[in-house]
Amino acid sequence: MITAVVSSGLQFSSLAAKETSSPEEARVLLFEDQFDRNESQEVKEEIGNGWASNSERRAHGNKQVDLKDGAMRISFHESADHAVSVTHPAEFRDGLVSLRFMLEGKADSLGLNFADLKFKGVHAGHLCVVKINTRQVQISDLKTGRMANKYYELNKAKKLTSEMQVELKSKSKRFPNRLDTNRWYALQVRIQGDTMSVTIDGTLVGEFSSEGIAHPTKRLLRLAVPKNAVVDDVQVYSLSNS
Numbered sequence: 012m013i014t015a016v017v018s019s020g021l022q023f024s025s026l027a028a029k030e031t032s033s034p035e036e037a038r039v040l041l042f043e044d045q046f047d048r049n050e051s052q053e054v055k056e057e058i059g060n061g062w063a064s065n066s067e068r069r070a071h072g073n074k075q076v077d078l079k080d081g082a083m084r085i086s087f088h089e090s091a092d093h094a095v096s097v098t099h100p101a102e103f104r105d106g107l108v109s110l111r112f113m114l115e116g117k118a119d120s121l122g123l124n125f126a127d128l129k130f131k132g133v134h135a136g137h138l139c140v141v142k143i144n145t146r147q148v149q150i151s152d153l154k155t156g157r158m159a160n161k162y163y164e165l166n167k168a169k170k171l172t173s174e175m176q177v178e179l180k181s182k183s184k185r186f187p188n189r190l191d192t193n194r195w196y197a198l199q200v201r202i203q204g205d206t207m208s209v210t211i212d213g214t215l216v217g218e219f220s221s222e223g224i225a226h227p228t229k230r231l232l233r234l235a236v237p238k239n240a241v242v243d244d245v246q247v248y249s250l251s252n253s
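For the sequence shown, position 26 (counting from the first letter as 1) is numbered 37 according to my numbering, and the numbering increases by one without interruption.
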C-alpha cells in the first residue's frame with residue numbers, strides 16, 4: 012500500500028495500486044503521470060508530459076489547468092464557453108485508466124471521455140464516457156448514442172422523435188454513489204469488449220454494456236470538467252487476454 016501526505020496534513024491510501032487482474036490478462040502501460048513537477052510561471056498553462064487542453068480555444072487562453080502540490084487542478088474559467096477538456100493520447104481497444112481524484116464542491120464533477128478523432132461517424136470523435144459527481148456515476152455509449160451523427164444535430168435542434176429519445180435513453184446508465192467533498196478517491200475505469208466498469212476505492216460501482224463501447228480504436232483520453240476537479244497518479248494501460 013502506498014501512503015502519502017496531502018496539503019491538509021491528512022494521510023490517504025492509494026487503492027489504485029491494489030487493482031488486480033486475472034492471470035490471463037496482459038497489461039501494457041501506455042503512460043503515467045504523478046504531476047510532481049513545477050511550472051516555470053503561473054500565468055499560462057504548462058501541463059507537460061503530453062497533455063493538452065482546450066483553454067486556448069475555449070477560454071481565450073486563460074489558465075484552467077494548474078500543477079500544484081503534486082497534483083493537477085482543473086478549474087473552469089468564467090470566460091470559457093465549454094467545459095474544460097484536458098487530453099492525452101492513449102490508443103487501445105481494451106484498456107484500464109487508474110487515477111486518484113478529489114471533488115472540492117458538491118456541484119463538481121469529473122468525466123473520463125474516450126475518443127477517436129479519426130472516426131467521422133460521431134461528433135468530435137466521442138465514443139464513450141464515465142461521469143462522476145458527488146451523487147452518482149453515469150456510464151454512456153456516445154458512439155451509438157447522442158454523439159452519433161444521426162442524432163447529434165437533431166438533438167441540438169430538439170427535433171428528436173419519441174422513438175429516438177427512447178433509443179438514446181438505452182445508451183446510458185446511472186448508478187447512485189455518494190462521495191464526500193475534499194476527499195481523495197481511487198478510481199479505475201475498465202473497458203473490455205462492449206462493457207465499461209467503474210470501481211471507486213476498490214468497490215465496483217457499476218458496469219454498462221453497449222455496442223459503441225467496443226469501438227476498436229480508442230485514441231484519446233479526455234478529462235472533462237465543467238466546474239472543478241483535482242487529479243493525480245494517472246496510469247493508462249492497454250489490456251489483452253493471452
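For every residue, glycine included, the Cβ atom is placed at its ideal position computed from N, Cα and C.
All of these numbers come straight from a predicted model, not from anything done at the bench.
Three-state secondary structure assigned by DSSP to residue i
i: residue 166; result: helix
i: residue 54; result: coil
i: residue 204; result: coil
i: residue 173; result: helix
i: residue 251; result: strand
i: residue 153; result: coil
i: residue 223; result: helix
Distance cut-off 7 Å: residue i Cβ against heavy atoms of the ligand FAD
i: residue 201; result: For the structure depicted, the ligand FAD is absent and the ligand set is empty, with no information on it obtainable.
Buried versus exposed, by CB contacts within 10 Å (16 or more), residue i
i: residue 151; result: buried
i: residue 39; result: exposed
i: residue 229; result: buried
i: residue 233; result: buried
i: residue 133; result: buried
i: residue 47; result: exposed
i: residue 141; result: buried
i: residue 129; result: exposed
i: residue 190; result: buried
i: residue 52; result: exposed
Test item: CB-CB of residue i and residue j under 8 Å
i: residue 85; j: residue 188; result: no
i: residue 236; j: residue 138; result: no
Below-8 Å beta-carbon distance, residue i vs any chain D residue
i: residue 44; result: Absent from the structure: chain D. Only one protein chain is present.
Problem - Inter-stretch contact at 8 Å, needing at least 3 Cβ pairs: the segment 82-101 / the segment 49-65 - result: Result yes; three or more Cβ-Cβ pairs closer than 8 Å.
Exercise for the section: May I ask you to verify whether the segment 208-218 touches the segment 166-178, counting CB pairs closer than 8 Å and requiring at least 3? Expected result: Judged by Cβ distances under 8 Å, the segment 208-218 makes no contact with the segment 166-178, as fewer than three pairs qualify.
Practice task
Pair every Cβ in the segment 148-162 with every Cβ in the segment 217-227, then say whether three or more of these pairs are closer than 8 Å.
Solution key: Between the segment 148-162 and the segment 217-227 there are three or more inter-stretch CB-CB distances shorter than 8 Å, so the stretches are counted as touching.
Exercise for the section: Would you check if there are 3 or more beta carbon pairs closer than 8 Å linking the segment 100-110 to the segment 174-181? Expected result: The segment 100-110 is not in contact with the segment 174-181.
Practice task
Ignoring anything shorter than 4 residues or poking outside the segment 56-111, list the alpha helix (DSSP H) runs there in chain order.
Solution key: Complete alpha helix (DSSP H) runs here, min 4: 66-69.
Practice task
Identify every run of the beta strand (DSSP E) within the segment 178-204, keeping only runs that are complete inside it and at least 3 residues long; order them along the chain.
Solution key: The DSSP assignment places 183-187, 195-203 as complete runs of the beta strand (DSSP E) inside the segment 178-204, in order along the chain (cut-off: 3 residues).
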